[in-house]
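Residue numbers (numbering that gives the first Met the number 0): 0 to 278.
By construction, the Cβ of each residue, glycine as well, lies at the ideal position given by its N, Cα and C atoms.
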Amino acid sequence: MTGPVQRTGSVQRTGTVLLTGAAGGVGTFLRERLPAHGHRLVAADRLPVPGDPDALRFDLGDAEAVRAAVRGVDAVVHLGGISVEDGFEAILDANIRGTYHLYEAVRREGVRRVVLASSNHAVGFHPLTGGTPIGSDLPPRPDTYYGLSKAFGENLATLYSDKYGVQTVSLRIGSCFARPRSVRMLSTWLSPDDCARLVHAALTAPDVGHTVVNGISANTRAWWDLSSARALGYRPRDDAERYAGAVLAEHGELDPGHVDARLIGGHFTETEPPGGAAG
Ligand code: NAI
Ligand code: 15L
Numbered sequence: 000m001t002g003p004v005q006r007t008g009s010v011q012r013t014g015t016v017l018l019t020g021a022a023g024g025v026g027t028f029l030r031e032r033l034p035a036h037g038h039r040l041v042a043a044d045r046l047p048v049p050g051d052p053d054a055l056r057f058d059l060g061d062a063e064a065v066r067a068a069v070r071g072v073d074a075v076v077h078l079g080g081i082s083v084e085d086g087f088e089a090i091l092d093a094n095i096r097g098t099y100h101l102y103e104a105v106r107r108e109g110v111r112r113v114v115l116a117s118s119n120h121a122v123g124f125h126p127l128t129g130g131t132p133i134g135s136d137l138p139p140r141p142d143t144y145y146g147l148s149k150a151f152g153e154n155l156a157t158l159y160s161d162k163y164g165v166q167t168v169s170l171r172i173g174s175c176f177a178r179p180r181s182v183r184m185l186s187t188w189l190s191p192d193d194c195a196r197l198v199h200a201a202l203t204a205p206d207v208g209h210t211v212v213n214g215i216s217a218n219t220r221a222w223w224d225l226s227s228a229r230a231l232g233y234r235p236r237d238d239a240e241r242y243a244g245a246v247l248a249e250h251g252e253l254d255p256g257h258v259d260a261r262l263i264g265g266h267f268t269e270t271e272p273p274g275g276a277a278g
């Protein structure tokens, strides 16, 4: 292939896509949905991937295994790593070294496109702006070592784009679960179907360089501006509001002084790593 996109009839195909973190929550949503968007997946995780005996199994700390996994693929969707706060050493190994190994492998094997799972926690200490939509151009302000590792991933993507021409779309994902679990998630929810739409847009948009986009559904209570994601072709169809009655009946409205109503990262800003920083 000469670029990340091939057109076959009305379906845009990106060829073979390596999906790291395929055994996890988002990985499972995408394994179920991306093939319908025209993508052929190779699943990978350090754990067995349920229902996929052909999935690759390796730790992102193993640079040679990572390189072998990307050999011959057309793009990578990189979800693998620790997805919540943890001790610094654990985050360093899985998220920082692991993402470095991924980019080195991609560069050396000539893979042109990465879709990188970043997070709202890369910018979690920014205040909520009370009505003004928050763009995807916020500078890093991590709320945890986890968020710091996501800011690292975004910076690494910029370096590999500028220096080596590896293209990346970094997704600052809000909360991707089957349904919103809290009042905060009425704003931050990314539905599984919209997640697949967003990843498809990120895989197929031309000439992205390194583009950072916010990743949520078309939520009535959204804080985030989706214009950069829409510019890639993302058209969200879901809205967390359909769950608002049930969520509010369970949790009640947020007090304006609650951290989930004041800061992008919400309660992550008050989260300590288990066992202390070196845990
Ligand atoms: P998850 O924790 O369910 O899945 C992560 C997967 O990565 C797991 O299957 C795990 O086995 C694998 N993994 C962890 N360390 C690894 C290593 N060293 N080597 C190989 N595989 C390893 O997380 P989830 O929710 O599916 O999130 C996927 C990605 O999206 C993560 O990078 C997460 O940080 C990011 N994200 C998720 C959000 C969400 O709401 N689910 C929000 C923002 C970002
Ligand atoms: C994340 O980055 C986490 O991976 C996920 O578990 C959620 O906590 C999400 O952010 C969120 O902010 O709701």
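In terms of CA proximity to Y145, N94 leads the group P126, T131, L170 and N94. Residue A104 holds the alpha-carbon nearest to the alpha-carbon of G60 among C175, F151 and A104. Closest in C-alpha terms to T143, from the list L155, D136 and F124, comes F124. Of P132, P255 and S186, the smallest CA-CA separation from T219 is found for S186. Comparing alpha carbon positions, the residue from L189, A230 and P139 closest to V207 is A230. Per DSSP, reduced to three states, the secondary structure at A104 is helical. With fewer than 16 other Cβ atoms inside 10 Å of its own Cβ, H250 counts as exposed. With respect to the C-alpha of W222, the residue from D259, L197 and E63 having the closest C-alpha is D259. For I90, the uninterrupted alpha helix (DSSP H) run begins and ends at F87 to I90, by DSSP.
Judged by DSSP in its simplified three-state form, D254 adopts coil rather than helix or strand.
Residue pairing for V41: DSSP places it in a beta bridge opposite L17. Taken from the Cβ of N213, every heavy atom of the ligand 15L lies 7 angstroms or farther away. Inter-segment contact for the stretch 102-117 and the stretch 193-207 is present: three or more beta-carbon pairs are separated by less than 8 angstroms. A check of alpha carbon separations from G129 across I263, T268, T270 and E269 identifies I263 as the nearest. Taking G20 as reference, the option from Y242, A243 and V75 with the minimal CA-CA separation is V75. V122 sits in a helix when the DSSP states are folded into three classes. According to the DSSP assignment, R171 belongs to the beta strand (DSSP E) that extends over Q166 to I172.
The ligand 15L approaches N119 closely enough that one of its heavy atoms is under 7 angstroms from the residue's Cβ.
Straight-line measurement puts the Cα of F267 at about 14 angstroms from the Cα of L127. For V198, the uninterrupted alpha helix (DSSP H) segment begins and ends at P191 to T203. By DSSP's assignment, W223 forms a beta bridge with I133. A heavy atom of the ligand 15L is found nearer than 7 angstroms to the CB of T187.
A direct Cα-to-Cα measurement between G256 and G265 gives close to 11 angstroms. Per DSSP, the continuous beta strand (DSSP E) segment holding V76 begins and ends at A74 to H77.
According to the DSSP assignment, N154 belongs to no beta strand (DSSP E) but to the alpha helix (DSSP H) extending over Y144 to Y163. In the three-state reduction of the DSSP assignment, T270 falls in the coil class, being assigned neither a helical nor a strand state. In the DSSP assignment, T187 falls outside any beta strand (DSSP E) and within the unbroken alpha helix (DSSP H) covering M184 to T187. Counting the other Cβ atoms within 10 Å of the Cβ of R171 gives 16 or more, which makes it buried.
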